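So that you can map any letter, position 266 of the sequence shown is 329 in the numbering used here, and since no number is skipped, the others follow by simple counting. Idealized CB from N, CA, C, for every residue including glycine. Computed from a prediction, not measured in an experiment: that's the story for all the values here. Working notes, structure below.
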Amino acid sequence: MNIMQYALDNYKEVDAKSYLGIFGDPILHTMSPLLHDTLSLNLGLDIKYIPFHITDNLDQAVKMAYEDGIKGLNITVPHKQAVMEHLVDIDEAARVIGAVNTLVRVDGGYKGYNTDMPGLAKALLDEGVELNGANVIMLGAGGAARAVAYMCLNYGAKKVFIVNRTYDNAKKIADDMNKAFGCKRIQPVEAIDYKTIPKDEYIMIQCTSIGLHKDDGLPLVADESFYDMAYVGVDLIYNPSQTPFLKMVESKGAKAVNGLGMLLNQGIIAYEYWNNVKIGKALSDKVYRVLCQKVYGHDSDNIVLVGYMGAGKTAVGKALADRLGYDFLDTDEYIVQQEKMTINDIFAQKGEQYFRDLETNVVRAMKSNLTRTVISTGGGLPMREVNRILLGELGKVIYLKASAETTYKRVSGNNDRPLLAGDNMYDKICNMLEARMPKYIDAADVVIETDNLTIQEIIDKIV
Ligand code: NDP
């Protein structure tokens, strides 16, 4: 596939029935693959979501994706506006907003949508925040603010003030949206004139980038008394979870909501467009928990090594833990100690199922107990879907990949492997690798080819 040349290195080997993806620059830290792959995994759909690093030649990238059969794409910074020129159709709301974050495959190309807007609306609904008839103060007038202003009018807000450092940017949004809705409900306000806003009770929505960086000091309006007017404060930023704006709002006793719900819901709405499915609350909640764990989880500083036997998980894990000053834990070792039996004996006397249940229990227990630990997992542990999800919540998952030849060289002569006992060890390795590799890739945030690397080189790559 041509478009794969833009895929981040870690995704180049992925083999799935169909593909989704995201175009952006930068793209390394996007949460979207985790969000969408968790949905696919839970729905049993063989779809992989791939981040593509697209810096320029957007038209060519869109064409390639279409020719390669990519069924849907997200578009993020800096391409949300520019991509509109390369689509065969654009949803009306996205056209008015002037930004597209979702491409849906149709005849001859892609149709563009903006799911940020309904995504935030759904997040507010989930928090019990009613826009219909409400007064709103928006802080900020950038690209995301256009979607927020559209949302406010679309969902029936009574009055909206857009407060911005640069008055002209706020005025442009207000003019465009008032015109689109045939109303005068939005009013622009230059930030220094914030006192002109009438005293009332407001939903405040923070749409500037102030707070993205930990040392960002005060919100756009620094005057504390301004926030007495907020009964709920919403920040589009989700990382960090607490921004100067949210702290201010909370200090006034108002409800504070960050942008993770918006991220979740814009993704779910896009996924529903692409796959013609309806995501229920239980799955939506599950994905939210996975995202939370990844973005804020106290235990996300763990490093989890997955891979087939002989991939070097234990040797690499121990050396890596030494290098980082982390603890080391091997799930097989742990089970042996708990059960006071070798793995061979557990398999022989209690059966594989029993052993697999032990593995799931161990991962569950680790989730609430471990931080700053390198965890080496048994080769079969990621085969269970629940284990893969738990591993993702536990920390950064790294797949140490080794070919069948390398594996054979490393494990032949070793009798501790119950699943390889008997004749034809090489064939057994090939068959098991074929079955297991997709699951390892599914579980992994990062894949490292270990065939030609020393332990030290693998550790360097991880670090
Ligand atoms: P833009 O760059 O388009 O707009 C930035 C806005 O912040 C402008 O209003 C700008 O004001 C203002 N601003 C930036 N720095 C300052 C400063 N030092 N002082 C005062 N005002 C400032 O960004 P976006 O609209 O694309 O994104 C805004 C935020 O929303 C980002 O933090 C982004 O992470 C978040 N977001 C979250 C999403 C989610 O799913 N949760 C989705 C999309 C965005 P001016 O006009 O004067 O330059």
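Looking only at its own chain, which residues have a Cβ that is under 6 Å from the Cβ of residue i, when we skip the five neighbours before and after it?
| i | result |
| --- | --- |
| Phe244 | Leu216 |
| Val320 | Glu190, Val297 |
| Tyr471 | Tyr489, Ile492 |
| Leu454 | Val367, Val460, Ala506 |
| Val125 | His149 |
Which word fits residue i, buried or exposed, when buried means at least 16 other C-beta atoms lie within 10 angstroms of its C-beta?
| i | result |
| --- | --- |
| Thr44 | Since the displayed the chain opens at 64 and closes at 526, residue 44 lies outside it and no answer follows. |
| Pro181 | buried |
| Cys531 | Here the chain has residues from 64 to 526 only, and residue 531 is not among them. |
| Ala233 | buried |
| Lys143 | buried |
| Leu354 | buried |
| Asn73 | buried |
| Lys464 | buried |
| Tyr173 | buried |
| Gln356 | buried |
| Glu155 | exposed |
| Ile522 | buried |
| Lys111 | buried |
| Leu275 | exposed |
| Ser103 | buried |
| Gly219 | exposed |
| Asp393 | buried |
| Asn450 | buried |
| Asp179 | buried |
| Glu468 | exposed |
| Asn338 | buried |
| Glu415 | exposed |
Determine the closest residue to residue i out of the options, with distance taken between C-alpha atoms.
| i | options | result |
| --- | --- | --- |
| Met267 | Glu148, Phe308, Ser95, Asn232 | Phe308 |
| Asn198 | Tyr265, Ile236, Lys403 | Tyr265 |
| Gln123 | Glu155, Ala162, Ile66, Val312 | Ile66 |
| Asn302 | Lys111, Tyr397, Met325, Glu497 | Met325 |
| Ile225 | Leu392, Gly175, Gln269 | Gln269 |
| Lys376 | Glu396, Tyr112, Asp364 | Glu396 |
| Leu368 | Gly414, Val426, Asn105, His92 | Val426 |
| Gln519 | Val379, Gly414, Asn424, Gly458 | Val379 |
| Met127 | Thr139, Leu150, Val140 | Leu150 |
| Arg473 | Thr513, Gly373, Gln401 | Gly373 |
| Met495 | Val146, Glu456, Met214, Ser466 | Ser466 |
| His446 | Ile398, Thr405, Ala498 | Looking at the sequence itself, residue 446 is Met, so the reference to His does not match. The candidate whose alpha carbon is nearest that of Met446 is Ala498. |
| Ala428 | Val510, Leu457, Thr405 | Leu457 |
| Asn241 | Arg209, Pro114, Arg386, Gly442 | Arg209 |
Given this structure, state the Cα-to-Cα distance separating residue i from residue j, to the nearest angstrom.
| i | j | result |
| --- | --- | --- |
| Leu71 | Tyr489 | 32 Å |
| Arg228 | Pro261 | 19 Å |
| Gly171 | Lys524 | 42 Å |
| Gly107 | Leu283 | 45 Å |
| Arg168 | Ile133 | 8 Å |
| Lys349 | His99 | 12 Å |
| Lys277 | Asn328 | 25 Å |
| Glu130 | Ala333 | 20 Å |
| Ala345 | Ala285 | 39 Å |
| Ala506 | Ile409 | 25 Å |
| Ser288 | Asp364 | 39 Å |
| Ala212 | Lys235 | 11 Å |
| Ala293 | Gly280 | 20 Å |
| Ala184 | Asn195 | 11 Å |
| Glu148 | Gly161 | 11 Å |
| Ala411 | Ile342 | 42 Å |
| Tyr371 | Ser439 | 11 Å |
Within the same chain, show all residues whose beta-carbon is closer than 8 Å to that of residue i, passing over the 5 residues directly before and after it, in chain order.
| i | result |
| --- | --- |
| His361 | In this predicted model, His361 has a pLDDT of only 45, less than 50, meaning its place in the structure is not dependable; the value taken from the coordinates is given anyway. Closer than 8 Å at the Cβ level, and outside the excluded window around His361, lie Thr434. |
| Lys221 | Gly196, Ala197, Asn198, Arg248 |
| Glu402 | Ile409, Leu421 |
Grab me the residues of residue i's own chain with a C-beta within less than 7 Å of its C-beta, minus the 5 sequence neighbours each way, in chain order.
| i | result |
| --- | --- |
| His116 | Tyr69, Leu71, Asp88, Ile90 |
| Asn137 | Ile85, Ser95, Asn164, Thr165, Ala333 |
| Tyr290 | Met311, Val312, Lys315 |
| Val252 | Phe224, Ile225, Val226, Ala233, Thr259, Ile260 |
| Ala254 | Val226, Asn227, Arg228, Leu283, Val284 |
Taking 8 Å as the CB-CB cut-off, is residue i touching chain D?
| i | result |
| --- | --- |
| Gly196 | Absent from the structure: chain D. Only one protein chain is present. |
Using only Cβ atoms and a threshold of 6 Å, which residues come within that distance of a heavy atom of the ligand NDP? Order them by chain position. With the criterion CB distance below 6 Å from any heavy atom of the ligand NDP, the matching residues run Asp179, Gly203, Ala204, Gly205, Gly206, Ala207, Ala208, Asn227, Arg228, Thr229, Asn232, Cys270, Thr271, Ser272, Ile273, Leu275, Leu283, Leu299, Ile300, Tyr301, Gly322, Met325, Leu326, Gln329 along the chain.
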